[in-house]
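K.L.:
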Amino acid sequence: MTSGAARLTQLMARGAEFLGSEVAILCGAMSWVSERNLVAAMSNAGGFGLIACGAMTPELLDAEIAGTKALTSKPFGVNLITMHPQLMDLIAVCTRHDVTHVVLAGGLPPAGSIEAIKAGGAKLICFAPALSLAKKLIRSGVDALVVEGMEAGGHIGPVSTSVLAQEILPEVADKVPVFVAGGIGRGEAIAAYLEMGAAGVQLGTRFVCATESIAHANFKKAFLRASARDAVASVQIDPRLPVIPVRALKNAGAELFTAKQREVAASLDEGKVAMAEAQLQIEHYWAGALRRAVIDGDIEHGSVMAGQSVGMVTKEEPVAEIIATLMREAEVALAKRG
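Okay, structure coming up:
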């Protein structure tokens with residue numbers, strides 16, 4: 000083993016042990032993309048796959064977990080959205096299947112959810128978009144954190160990955176494993192975050208064009224053609240409607256979303272919907288728009304969610320090769336630093 004490889008193994012040991020995987024690389028949960036095929040391929044290749052539950056019903060999640068188990072005997076996790084109206088039922092499905100890790104995304108865990116996940120025996124991972132929230136989540140009993148910057152694809156916060164990592168890692172990395180995400184496309188960046196104290200990393204965009212990904216050929220072509228500057232954040236048009244920005248490739252779908260926001264804001268004005276329902280409508284809009292692009296291949300009117308690392312996605316290749324490349328790049332970077 001080279002000095003770089005030995006150092007990388009050492010730096011990733013904590014994250015890999017926590018996940019039960021060979022390498023501490025999570026595949027970010029991407030709605031419609033992170034389904035049984037990509038999840039199983041990720042775990043089989045030594046990484047850690049995450050099923051994107053998104054707007055799935057408990058019945059659909061049940062089938063997806065069973066389908067994933069048929070393709071891999073390695074551990075994988077499930078990503079649940081905190082605002083899902085059937086969150087507790089989804090947690091029960093994960094418990095029934097002995098899912099080892101549950102990720103809660105999209106806001107602070109609602110009352111009872113942390114206890115339900117832990118009682119089911121799963122390890123709980125949450126997103127921390129600020130240091131104060133990271134500390135609060137640790138106090139409330141989460142087992143690990145994902146620190147994701149605005150360079151990521153899909154729903155994003157306002158702060159860059161490098162700033163969040165500098166702010167959060169020195170303060171909490173000794174307390175729980177922290178995985179850094181957002182804009183990571185090469186192994187050199189992985190090495191840098193590990194040296195800063197991260198237990199591992201999470202990448203989504205880099206795996207969209209994996210051979211095992213079921214994303215439509217048009218969706219993959221859009222990624223292969225895109226550069227970093229093509230992945231832009233959506234604009235919030237009404238301050239009363241707390242819409243979380245979404246990063247996606249520029250297309251006509253962005254204008255459709257602006258129109259959707261106006262429509263929902265008008266419904267709020269007229270008292271036709273409550274705020275929670277308005278937010279849910281927006282979430283369902285994204286789920287539908289994303290499906291149009293990922294599954295149907297309508298990359299003009301659908302949502303082509305992508306992170307700014309999209310420019311580093313240059314070919315379709317198996318998950319195992321993507322992981323091997325990232326690890327090799329990280330090893331070389333660490334060897335150079337002695």
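With numbering that gives the first Met the number 0 applied, the sequence shown covers 0 to 337.
For each residue, glycine too, the CB sits at the ideal point set by N, CA and C.
Source: prediction; values computed, not measured.
Compute the Euclidean distance between the alpha carbons of Ala-44 and Leu-70, then round it to the nearest angstrom.
P.N.:
Locating residue 44 in the sequence shown gives position 45, counting from the first residue. Locating residue 70 in the sequence shown gives position 71, counting from the first residue. Whole-angstrom Cα-Cα distance: 12 angstroms.
K.L.:
Terminal residues of the continuous alpha helix (DSSP H) containing His-283?
P.N.:
Counting from 1 along the sequence shown, the entry for residue 283 is found at position 284. Taken as a continuous stretch (DSSP letters only), the alpha helix (DSSP H) holding His-283 covers 274 to 293.
K.L.:
Going by DSSP in three states, Arg-239 sits in which element: helix, strand or coil?
P.N.:
Position 240 of the sequence shown, counted from the start, is the residue given in the question as residue 239. Note: Arg-239 maps to coil in three-state DSSP.
K.L.:
Taking Gly-186 as part of the alpha helix (DSSP H), name the residues at either end of that continuous run.
P.N.:
Your numbering for residue 186 matches position 187 in the sequence shown. 186 to 194 is the extent of the alpha helix (DSSP H) around Gly-186.
K.L.:
Using only CA atoms, which one of Gln-85, Thr-313, Ser-131 and Glu-328 lies nearest to Lys-219?
P.N.:
For the purposes of this step, residue 219 is identified with residue 220 of the sequence shown, where counting begins at 1. Here the closest residue by C-alpha is Thr-313.
K.L.:
I think Gly-153 touches Leu-163, with their Cβ atoms under 8 angstroms apart; what is that distance to the nearest whole Å?
P.N.:
What you label residue 153 is simply residue 154 of the sequence shown in a count that begins at 1. What you label residue 163 is simply residue 164 of the sequence shown in a count that begins at 1. Not a contact, Cβ separation roughly 16 angstroms.
K.L.:
Use the C-beta contact count for Pro-108: other C-beta atoms within 10 angstroms, 16 or more gives buried, fewer gives exposed.
P.N.:
The sequence position of residue 108 within the sequence shown is 109, counting from 1. Looking at its Cβ environment, which holds 16 or more other Cβ atoms inside 10 Å, Pro-108 is buried.
K.L.:
Please state the DSSP three-state secondary structure of Val-245.
P.N.:
Taking the first residue of the sequence shown as 1, we reach residue 245 at position 246. In this structure, Val-245 counts as strand in the three-state DSSP scheme.
K.L.:
Count Cβ pairs between the region 187 to 205 and the region 20 to 34 that sit closer than 8 angstroms; are there 3 or more?
P.N.:
They touch, by the three-pair rule.
K.L.:
So, helix, strand or coil for Gln-201, using DSSP?
P.N.:
Residue numbering aside, residue 201 sits at position 202 when the sequence shown is read from its first letter. Three-state result, Gln-201: strand.
K.L.:
Would you mind giving the Cβ-Cβ distance between Ile-167 and Ala-198, rounded to the nearest angstrom? I have them listed as a contact below 8 angstroms.
P.N.:
For the purposes of this step, residue 167 is taken as the residue at position 168 of the sequence shown. For the purposes of this step, residue 198 is taken as the residue at position 199 of the sequence shown. With 8 angstroms as the limit, Ile-167 and Ala-198 do not qualify as a contact, their Cβ atoms being about 12 angstroms apart.
K.L.:
Out of Ala-121, Ala-230, Met-274 and Gly-106, point me to the one whose CA is closest to Ala-91's CA.
P.N.:
As a position in the sequence shown, residue 91 is number 92, starting the count at 1. Checked all of Ala-121, Ala-230, Met-274 and Gly-106; the closest Cα to Ala-91 is Ala-121.
K.L.:
In angstroms with no decimal places, state the Cα-to-Cα distance between Arg-246 and Leu-130.
P.N.:
Position 247 of the sequence shown, counting from 1, holds the residue named residue 246. Position 131 of the sequence shown, counting from 1, holds the residue named residue 130. Near 23 angstroms, if we compare the C-alpha coordinates of Leu-130 and Arg-246.
K.L.:
In this structure, how does DSSP classify Cys-93 when only helix, strand and coil are distinguished?
P.N.:
Reading the sequence shown from its first residue, position 94 is the one you call residue 93. Three-state result, Cys-93: helix.
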